[in-house]
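One structure below.
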Amino acid sequence: AQRVTQPEKLLSVFKGAPVELKCNYSYSGSPELFWYVQYSRQRLQLLLRHISRESIKGFTADLNKGETSFHLKKPFAQEEDSAMYYCALSGAGSARQLTFGSGTQLTVLP
Amino acid sequence: EAGVAQSPRYKIIEKRQSVAFWCNPISGHATLYWYQQILGQGPKLLIQFQNNGVVDDSQLPKDRFSAERLKGVDSTLKIQPAKLEDSAVYLCASSLGRTSVSYNEQFFGPGTRLTVL
């Protein structure tokens with residue numbers, strides 16, 4: 466079975482401070498990991514996926530298979546980063562369905 | 023391009039009543055998903071369609087939930103009869119559904135917020 470855990474429901478940081486949103490997963494094979502974001506009154510949207518190794522809006526995430534983690538990081542948080550962040554996992558198989566974590570509400574204070 | 027459309031945006035019903043949600047995916051997207059998102063939780067997949075066929079409905083409570091995508095485009099999700107625990111946001115998503123790639127990005131609709139009293 467595949468499982469995604471986001472231990473922090475709420476996270477507050479000050480503008481300009483570093484931010485790290487934690488994500489741990491459980492999966493027996495080689496998963497694909499993603500971060501989705503939902504800004505206030507907007508739709509859920511893909512932020513980044515580990516395979517692309519991109520930096521989106523200053524965010525990066527590294528897949529650590531040893532620790533089964535995929536933490537999302539940004540060195541200098543901005544107020545517009547305030548949103549709900551979901552970590553998600555896609556396993557093998559023809560359906561390749563997504564399993565989401567319960568989300569972390571990030572608030573960046575001025 | 024137009025995004026995934028869902029209606030209604032909000033629905034309030036009493037328990038044991040029936041309700042239906044509608045989804046229109048992005049044009050050309052072969053794969054359509056319905057998710058249930060209970061307050062404080064992440065989205066949970068209910069059913070996945072590839073064109074008009076069901077790929078995965080293992081988490082769909084089939085005694086009360088049903089979904090169809092008859093012409094491989096629009097889809098409806100129905101609950102009959104509703105229970106209090108069905109109160110949630112129901113999200114529809116679509117993707118290109120290309121089998122030649124490892125991942126097809128899912129694009130989400132705005133959701134339908136259901137309250138069962």
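In order, the protein sequences belong to chains A and B. The first sequence runs contiguously to residue 575 in the numbering used here. The second sequence runs contiguously to residue 139 in the numbering used here. No residue lacks a Cβ here, since even glycine has one placed at the ideal position from N, Cα and C. Small disclaimer: the values here were computed from a predicted structure and weren't measured.
Simplified DSSP state of residue i, which is helix, strand or coil
| i | result |
| --- | --- |
| E545 of chain A | helix |
| L106 of chain B | helix |
| N489 of chain A | strand |
| Q59 of chain B | strand |
| R468 of chain A | strand |
| Q507 of chain A | coil |
Within-9 Å CB hit, residue i to chain A
| i | result |
| --- | --- |
| F130 of chain B | yes |
| Q39 of chain B | no |
| L67 of chain B | yes |
| E107 of chain B | no |
| L127 of chain B | Here the sequence assigns Glu to residue 127 of chain B, which means Leu is not the residue at that position. Yes, because at least one Cβ of chain A sits closer than 9 Å to the Cβ of E127 of chain B. |
Classification of residue i by the beta-carbon crowding that lies within 10 angstroms, buried from 16 upward
| i | result |
| --- | --- |
| S574 of chain A | What sits at residue 574 of chain A in the sequence shown is Leu, not Ser. Its Cβ having fewer than 16 others within 10 Å, L574 of chain A is exposed. |
| Q205 of chain B | Because chain B is modelled from 23 through 139, residue 205 of chain B falls outside the range shown and cannot be assessed. |
| R514 of chain A | buried |
| K530 of chain A | exposed |
| L563 of chain A | buried |
C-beta neighbour in chain B for residue i, strict 9 Å
| i | result |
| --- | --- |
| L528 of chain A | no |
| K474 of chain A | yes |
| G556 of chain A | no |
| Q467 of chain A | no |
| T564 of chain A | yes |
| S534 of chain A | no |
| S567 of chain A | yes |
Which residues DSSP lists as bridging residue i, in chain order
| i | result |
| --- | --- |
| F43 of chain B | B:L99 |
| E90 of chain B | B:T98 |
| V573 of chain A | A:V478 |
| S567 of chain A | The partner list for S567 of chain A (beta bridge, DSSP) is empty, contrary to what the question assumes. |
| G75 of chain B | B:Q72 |
| I35 of chain B | B:V138 |
*Quick one, which residues of the region 50 to 64 of chain B are near chain A if we go by CB-CB under 9 Å, in chain order?*
Y55, Y57, Q59, G62, Q63, G64
*Closer than 8 Å, Cβ to Cβ, to anything on chain B: give me those residues from the region 492 to 517 of chain A, in chain order.*
E497, R508, L509, Q510, L511, R514, I516
*asked:* To be precise: take each residue of the region 69 to 99 of chain B, compare its Cβ to all Cβ atoms of chain A, and keep it if any distance is under 7 Å. Which residues remain?
replied: Q70, V77, D78
_Taking beta-carbon pairs under 9 Å, can you tell me which members of the region 114 to 125 of chain B lie near chain A?_
A115, T121, S124, Y125
*Note down, in chain order, all residues in the region 541 to 553 of chain A with a beta-carbon under 9 Å from any beta-carbon belonging to chain B.*
Y551, C552, A553
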